[in-house]
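Counting in the numbering used here, the sequence shown runs from 1475 upward without gaps.
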Amino acid sequence: MDEYSQRLFDALSGAVDSWLRRSFDRVVHDQEFASRVDEVRRDSMIGDAAGDALDRLRRLFDTDVLEQRHNPLQILRSATEPVTAELRSLGARPIERDEFQQRSFPDDDFGLCPAAWIDIDESLAEVGLEWGAWKAAAVISRRRDL
């Protein structure tokens, strides 16, 4: 794994679980149904979703940049699927979303999908942009050399 990917992976390793937990808990709090939440089940679901996302991110970052078919934010968006499913099973009501959110993330009933790094954690903004700039430069350089 290159140094930029490693820095982003390290930052994500410390942020994904807490972001998913905050996302779940925000909907539960806003819709006032904490009494319906089985905390053991929630913790297990979030741990599994975070672990799966980090495994997929590691595989992505270990893949040559010219072979990568996804980006990290796509993987993180998919990590919200189990959270969304659990919220639905608890009877959470979909929130109002703007046209961009509806078009970009049609199955994201609760506004959990991140559009940018800062939607996950402020600490990811700089390292995420650095990784994106590095990847773009690496792809351009490698394609030029082909």
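Even for Gly, the Cβ is constructed at its ideal location relative to N, Cα and C.
Of the residues the options, the one placed nearest residue i, counting alpha carbons only
| i | options | result |
| --- | --- | --- |
| ASN1545 | ASP1522, ALA1485, ARG1530 | ARG1530 |
| PHE1483 | ASP1522, LEU1534, ARG1500 | LEU1534 |
| GLY1525 | ALA1610, SER1492, ASP1538 | SER1492 |
| ARG1495 | ILE1594, THR1537, ASP1536, GLN1480 | ILE1594 |
| VAL1557 | LEU1586, ILE1569, ARG1532, ASP1572 | LEU1586 |
| ASP1572 | SER1497, LEU1547, ALA1589 | ALA1589 |
| ALA1527 | ARG1543, GLN1542, LEU1547, VAL1511 | LEU1547 |
| ASP1582 | PHE1498, MET1475, ASP1476, SER1487 | PHE1498 |
| ALA1610 | GLN1542, GLU1555, SER1487 | GLN1542 |
Opening and closing residue of the alpha helix (DSSP H) in which residue i lies
| i | result |
| --- | --- |
| ASP1499 | 1490 to 1505 |
| PHE1535 | 1513 to 1536 |
| ASP1619 | 1598 to 1619 |
| ALA1559 | 1555 to 1563 |
| SER1552 | 1546 to 1552 |
| HIS1542 | The question names His, yet the displayed sequence has Gln at residue 1542. Run containing GLN1542: none; DSSP gives neither H nor E here. |
| ARG1577 | 1573 to 1578 |
CB contact flag (residue i, residue j, <8 Å)
| i | j | result |
| --- | --- | --- |
| ARG1481 | VAL1539 | no |
| VAL1501 | PHE1574 | no |
| TYR1478 | GLU1604 | yes |
| TRP1591 | LEU1598 | yes |
| VAL1601 | ALA1485 | yes |
| ASP1522 | MET1475 | no |
Per-residue DSSP class, three states only, for residue i
| i | result |
| --- | --- |
| PHE1584 | coil |
| GLN1480 | helix |
| ASP1595 | coil |
| ARG1567 | coil |
| ALA1589 | coil |
Between the segment 1563 to 1572 and the segment 1496 to 1507, do three or more beta carbon pairs fall short of 8 Å?
In this structure the segment 1563 to 1572 touches the segment 1496 to 1507; the number of beta carbon pairs closer than 8 Å is three or more.
Count Cβ pairs between the segment 1577 to 1590 and the segment 1516 to 1524 that sit closer than 8 Å; are there 3 or more?
Contact between the segment 1577 to 1590 and the segment 1516 to 1524 is absent: fewer than 3 CB-CB pairs across the two stretches fall below 8 Å.
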